[in-house]
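A.B. asks:
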Ligand SMILES: [Zn+2]
Ligand SMILES: [Zn+2]
């Protein structure tokens, strides 16, 4: 499963099936600090993902 | 494999959820998530008696995500109220950063059909932040914070605003509360117990109960979230430590930030205005001060001497 963390950082995470939350924790990311979409659609952290899914992780900058 | 996303928690709704609310555990679709955020902001505004009919409400609009979401929500929930909203953007004078965010601020105000004014440090203080940073020894964010508050107040006062709304969300408020405790800054805690002592235009924070993640998500689903460059002046070190620490705690114990703020608000209400924590007027500019010259006059005086 491809996980896009930023335009120039894509991680390959080998899981058959896991929650978004588990995937984020595997990557050392606090789920509170990011928003995740799968194949372009926003998804909650308890969503099961895996296989050919493509995740995009948006870490929002502080302020404003 | 495309996993099961289930359904929105709202009765009868078959849309896929986009978020789980940490407070209630509800799983909400785009439409119901939007409604939930707007409803909670409305409760904060109405419950706190933040806006009255006939008010002019100045809204601090940096162009960043929180203030953009604030303006968007206020313009929606106050749509049918006899209230005039004026967005106020402060140009601190930060080369290579502010131009783009001011452009974003102008465009969101135009899209929402909200009056918009831009005021600069240069007009009101005679110098840009970039110039002041070279002249003063303190952290840029300290200088910027002191002057931005004053410039916003002055601008809000000039347009006759009854309230000045800022985009502080739950995370910001919890960080500031914990920082005051960690700094042992009892004076500040007691002072902010009477939040508007001495200020020209009372401040309101309609997003104070909404987590930053939900503010951001709201911005994304309303298509008003555009990632902008970060301010070149790195934030205060303590705030970024506290931010990481609080989000770790919030993740392990959901509701930490809300509980912290509930307790902190009660504490502040009890100690508000305790002996020695009052405000007086600055003898030079008449602005709020904790005694003697205010911090704005102190900063600008110090900069002028160098
Ligand atoms: Zn729904
Ligand atoms: Zn003064």
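Protein chains in written order, with our numbering: chain A, 273 to 336; chain B, 12 to 317.
For each residue, glycine too, the CB sits at the ideal point set by N, CA and C.
1) Do you know whose CA, among B:143, B:216, B:159, lies nearest residue 179 of chain B's CA?
2) So if DSSP puts residue 31 of chain B in a beta bridge, which residue, or which two residues, is it bridged to?
3) If you draw a straight line from the alpha carbon of residue 200 of chain B to that of residue 183 of chain B, how long is it in whole angstroms?
4) Closer than 5 Å is what we want: which residues have a beta carbon that near any heavy atom of ligand 1? List them in chain order.
5) Figure out for me which residue from B:312, B:192, B:315, B:186 has the closest Cα to the Cα of residue 251 of chain B.
6) Let's see if you can read the secondary structure: which residues bound the alpha helix (DSSP H) around residue 83 of chain B?
7) Using CA atoms only, rank isn't needed, just tell me which of B:159, B:25, B:124, B:45 is closest to residue 32 of chain B.
8) Quick check: is the beta carbon of residue 222 of chain B nearer than 9 Å to any beta carbon in chain A?
9) Across the stretch 322-330 of chain A and the stretch 295-312 of chain A, are there enough close Cβ pairs to call them in contact, namely three or more that are closer than 8 Å?
10) According to the neighbour-count rule (16 or more other Cβ atoms, all chains shown, within 10 Å of its Cβ), is residue 132 of chain B buried or exposed?
11) Is the distance from the Cβ of residue 51 of chain B to the Cβ of residue 104 of chain B below 9 Å?
12) Quick one: what's got a C-beta closer than 6 Å to residue 312 of chain A's C-beta in the same chain, skipping five residues either side?
13) Only counting the same chain, and skipping five residues up and downstream in sequence, which positions put a Cβ closer than 8 Å to that of residue 317 of chain A?
14) Three Cβ pairs or more, each shorter than 8 Å: is that satisfied between the stretch 95-112 of chain B and the stretch 63-82 of chain B?
15) At a CB distance below 7 Å, what residues from the stretch 286-313 of chain A approach chain B? Give them in sequence order.
16) Tell me which residues pass a beta-carbon proximity test against ligand 2: closer than 6 Å to any heavy atom, given in chain order.
17) To the nearest whole angstrom, what separates the beta carbons of residue 291 of chain B and residue 302 of chain B, a pair I think is in contact under 8 Å?
18) Rounded C-beta distance between residue 226 of chain B and residue 174 of chain B? I'm assuming under 8 Å.
19) Just by C-beta distance, which residues in the stretch 23-38 of chain B are closer than 9 Å to chain A?
20) How is residue 62 of chain B classed by DSSP in three states: helix, strand or coil?
21) Which whole-angstrom value is the C-beta distance of residue 177 of chain B and residue 58 of chain B, which I expect to be below 8 Å?
22) Using the Cα positions of residue 86 of chain B and residue 125 of chain B, report the straight-line distance between them to the nearest angstrom.
23) Taking 9 Å as the CB-CB limit, is residue 15 of chain B close to chain A?
24) Against residue 318 of chain A, what residues of chain B qualify as contacts under a CB-to-CB distance less than 7 Å, listed in chain order?
25) Helix, strand or coil: which one does DSSP assign to residue 150 of chain B?
26) Report the neighbours of residue 234 of chain B on chain A: residues whose CB is nearer than 8 Å to its CB, in chain order.
27) Would you verify that the beta carbon of residue 284 of chain A is, or is not, closer than 9 Å to some beta carbon of chain B?
28) Whose C-beta lies closer than 6 Å to the C-beta of residue 13 of chain B among residues of the same chain, with five residues either side of it excluded?
29) Could you tell me if residue 106 of chain B is buried or exposed, where buried requires 16 or more neighbouring beta carbons within 10 angstroms of its beta carbon?
30) Out of curiosity, what's the CA-to-CA distance linking residue 272 of chain B and residue 60 of chain B?
31) Which of the three DSSP states, helix, strand or coil, is assigned to residue 106 of chain B?
32) Bridge partners for residue 71 of chain B per DSSP, in chain order?
33) Taking residue 289 of chain A and residue 322 of chain A to be in contact with their CB atoms under 8 Å, please state how far apart those CB atoms are, rounded to whole angstroms.
34) First and last residue of the beta strand (DSSP E) that includes residue 283 of chain A?
35) What separation, rounded to the nearest whole angstrom, lies between the Cα atoms of residue 15 of chain B and residue 23 of chain B?
36) Does DSSP put residue 273 of chain A in a helix, in a strand, or in coil?
C.D. replies: So, to answer that:
1) Position 168 of the second chain, counted from the start, is the residue given in the question as residue 179 of chain B. Residue B:216 is the option with its Cα nearest to residue 179 of chain B.
2) Reading the second chain from its first residue, position 20 is the one you call residue 31 of chain B. Looking at the DSSP assignment, residue 31 of chain B forms a beta bridge with B:38.
3) Position 189 of the second chain, counting from 1, holds the residue named residue 200 of chain B. Position 172 of the second chain, counting from 1, holds the residue named residue 183 of chain B. Whole-angstrom Cα-Cα distance: 15 Å.
4) B:19, B:21, B:24, B:26, B:40, B:43
5) Numbered from 1 along the second chain, position 240 holds the residue referred to as residue 251 of chain B. Closest option to residue 251 of chain B, Cα to Cα, is B:186.
6) Against the second chain, residue 83 of chain B aligns to sequence position 72. 76-88 is the span of the alpha helix (DSSP H), which, as asked, contains residue 83 of chain B.
7) Counting from one through the second chain, the residue named residue 32 of chain B turns up at place 21. Selected option, being the one with the closest Cα: B:45.
8) Counting from 1 along the second chain, the entry for residue 222 of chain B is found at position 211. So yes, residue 222 of chain B belongs to the interface.
9) Contact holds between the stretch 322-330 of chain A and the stretch 295-312 of chain A, because three or more Cβ pairs, one in each stretch, are under 8 Å apart.
10) Position 121 of the second chain, counted from the start, is the residue given in the question as residue 132 of chain B. So residue 132 of chain B counts as buried.
11) As a position in the second chain, residue 51 of chain B is number 40, starting the count at 1. As a position in the second chain, residue 104 of chain B is number 93, starting the count at 1. Not in contact: residue 51 of chain B and residue 104 of chain B (Cβ atoms no closer than 9 Å).
12) In the first chain, the residue the question calls residue 312 of chain A occupies position 40. Around residue 312 of chain A: no qualifying Cβ.
13) Position 45 of the first chain, counted from the start, is the residue given in the question as residue 317 of chain A. Same-chain partners within the cutoff: 291, 292, 293, 296, 303, 308.
14) The stretch 95-112 of chain B vs the stretch 63-82 of chain B: in contact.
15) 289, 302, 303, 304, 305, 307
16) B:293, B:295, B:296, B:298, B:304, B:305, B:307, B:308
17) In the second chain, the residue the question calls residue 291 of chain B occupies position 280. In the second chain, the residue the question calls residue 302 of chain B occupies position 291. In this structure residue 291 of chain B touches residue 302 of chain B by the C-beta definition: roughly 6 Å separates them, less than 8 Å.
18) By one-based count along the second chain, residue 226 of chain B stands at place 215. By one-based count along the second chain, residue 174 of chain B stands at place 163. In fact, because the Cβ distance is near 20 Å, the residues do not count as touching under 8 Å.
19) 27, 28, 29, 30, 31, 33, 38
20) The residue labelled residue 62 of chain B in the question sits at position 51 within the second chain. DSSP places residue 62 of chain B in coil when its eight states are reduced to three.
21) Position 166 of the second chain, counting from 1, holds the residue named residue 177 of chain B. Position 47 of the second chain, counting from 1, holds the residue named residue 58 of chain B. The pair is not a contact, with the Cβ atoms about 18 Å apart (cut-off 8 Å).
22) Your numbering for residue 86 of chain B matches position 75 in the second chain. Your numbering for residue 125 of chain B matches position 114 in the second chain. If I take the Cα positions, the gap works out to 8 Å.
23) The residue given as residue 15 of chain B occupies position 4 in the second chain. With a pLDDT of 48 at residue 15 of chain B, under the threshold of 50, the modelled position of this residue cannot be trusted; read the value that follows with caution. Interface residue, yes.
24) For the purposes of this step, residue 318 of chain A is identified with residue 46 of the first chain, where counting begins at 1. Here the neighbours are 31.
25) The residue labelled residue 150 of chain B in the question sits at position 139 within the second chain. Judged by DSSP in its simplified three-state form, residue 150 of chain B adopts coil rather than helix or strand.
26) Indexing the second chain from 1 puts residue 234 of chain B at position 223. The CB of residue 234 of chain B never comes closer than 8 Å to any CB in chain A; the least such distance is about 12 Å.
27) Against the first chain, residue 284 of chain A aligns to sequence position 12. It does not: the Cβ of residue 284 of chain A has no partner Cβ on chain B nearer than 9 Å.
28) As a working note, residue 13 of chain B is residue 2 in the second chain. Legend: pLDDT at residue 13 of chain B = 40, less than 50; position of this residue unreliable, value from coordinates given subsequently. No residues qualify anywhere along the chain.
29) Here residue 106 of chain B corresponds to residue number 95 of the second chain, with the count starting at 1. Looking at its Cβ environment, which holds fewer than 16 other Cβ atoms inside 10 Å, residue 106 of chain B is exposed.
30) Residue mapping note: residue 272 of chain B aligns to position 261 of the second chain, counting from 1. Residue mapping note: residue 60 of chain B aligns to position 49 of the second chain, counting from 1. Distance between the alpha carbons of residue 272 of chain B and residue 60 of chain B: 19 Å.
31) Taking the first residue of the second chain as position 1, residue 106 of chain B is located at position 95. Residue state, collapsed to three classes: coil.
32) In the second chain, residue 71 of chain B corresponds to position 60, counting from 1. Paired residue(s): B:99.
33) Along the first chain, one-based indexing puts residue 289 of chain A at 17. Along the first chain, one-based indexing puts residue 322 of chain A at 50. Yes, they are in contact, since the Cβ atoms of residue 289 of chain A and residue 322 of chain A sit about 4 Å apart, within 8 Å.
34) The residue labelled residue 283 of chain A in the question sits at position 11 within the first chain. Residues 281-284.
35) Taking the first residue of the second chain as position 1, residue 15 of chain B is located at position 4. Taking the first residue of the second chain as position 1, residue 23 of chain B is located at position 12. In this prediction, residue 15 of chain B scores a pLDDT of 48, lower than 50, which makes its location untrustworthy; the coordinate-derived value is nonetheless stated afterwards. Whole-angstrom Cα-Cα distance: 18 Å.
36) Taking the first residue of the first chain as 1, we reach residue 273 of chain A at position 1. If DSSP states are grouped into helix, strand and coil, residue 273 of chain A belongs with coil.
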